[in-house]
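Asks:
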Amino acid sequence: MLAYFRIAESGGGSYRLLAILRWVMVVIFLAFGVQKFTPQAAHGIALYISHSPFVSWLSAFGVRGEADLLGLVELTTALLLAAGSRSRLLSAFGSLMGVGTFLITWSFFFTTPGVVKWSLSADPIAWNLTGEFLFKDVVLLCVCAVLFLASLSPRIVPLRDERPADPSLAPARR
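First residue of the sequence shown? That's 189 in the working numbering, and the numbers climb one at a time after it.
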């Protein structure tokens, strides 16, 4: 089974640069996860959770409970992403958790009332500061998706070509 997975930044060339994305996501998930344990963050996310078709069930734990649970998920994602720098399976699993996290938070853009006003005017998409805050999750979602796809073997996702793009850059054979 491990043959189907890779460490995202393993291999040559530009794949090594994925390490930057991995460690940036570790820092982001650590920061977001720790923040969820504060009363301000707990109350700040309550509106999004209550309107989400995916996570509204968390409100059964109360405002602090739902935030604490999300904080644990985010800290776990950070740990899995960090461990994924050494483990093929954890590389894929941690980045997939990141994809899931940002798909859910990106859905808040559409499910939270008042975030976006769609119109046919000169400004077809008008969003408030909350919308701007959520919109950045598209980039974070894409980063996690790139890490996930790079964690899969070429048998599954033929993105990787282990050969150098330019044959003159290939290591000399002895």
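All C-beta atoms, glycine included, are put in the ideal place defined by N, C-alpha and C.
If you measure between the beta carbons of G221 and G259, is that distance less than 7 angstroms?
Replies: In the sequence shown, counting from the first residue as 1, residue 221 sits at position 33. In the sequence shown, counting from the first residue as 1, residue 259 sits at position 71. The answer is yes: Cβ separation under 7 angstroms.
Asks: In the structure shown, what three-state DSSP assignment does F242 receive?
Replies: Stepping through the sequence shown from its first residue, residue 242 is reached at position 54. Note: F242 maps to coil in three-state DSSP.
Asks: Assuming contact is defined by CB atoms lying nearer than 7 angstroms, are F193 and S295 in contact in what I supplied?
Replies: Against the sequence shown, residue 193 aligns to sequence position 5. Against the sequence shown, residue 295 aligns to sequence position 107. In this structure, S295 does not lie closer than 7 angstroms to F193 by Cβ.
Asks: Let me check understanding here. Comparing Cα to Cα, which of F242, L269 and Y236 lies closest to L375?
Replies: The shown model of the chain, from 189 to 362, leaves out residue 375, and the question about it has no answer.
Asks: Can you tell me where the alpha helix (DSSP H) with R252 in it begins and where it stops?
Replies: What you label residue 252 is simply residue 64 of the sequence shown in a count that begins at 1. Looking at the DSSP string, the run of the alpha helix (DSSP H) that includes R252 is G250 to A271.
Asks: In the DSSP output, which residue or residues are listed as bridge partners for L340?
Replies: What you label residue 340 is simply residue 152 of the sequence shown in a count that begins at 1. Answer is F193, bridged to L340.
Asks: Identify which residue in F298, V214, F225 and L335 has its Cα closest to the Cα of S202.
Replies: Here residue 202 corresponds to residue number 14 of the sequence shown, with the count starting at 1. It is L335.
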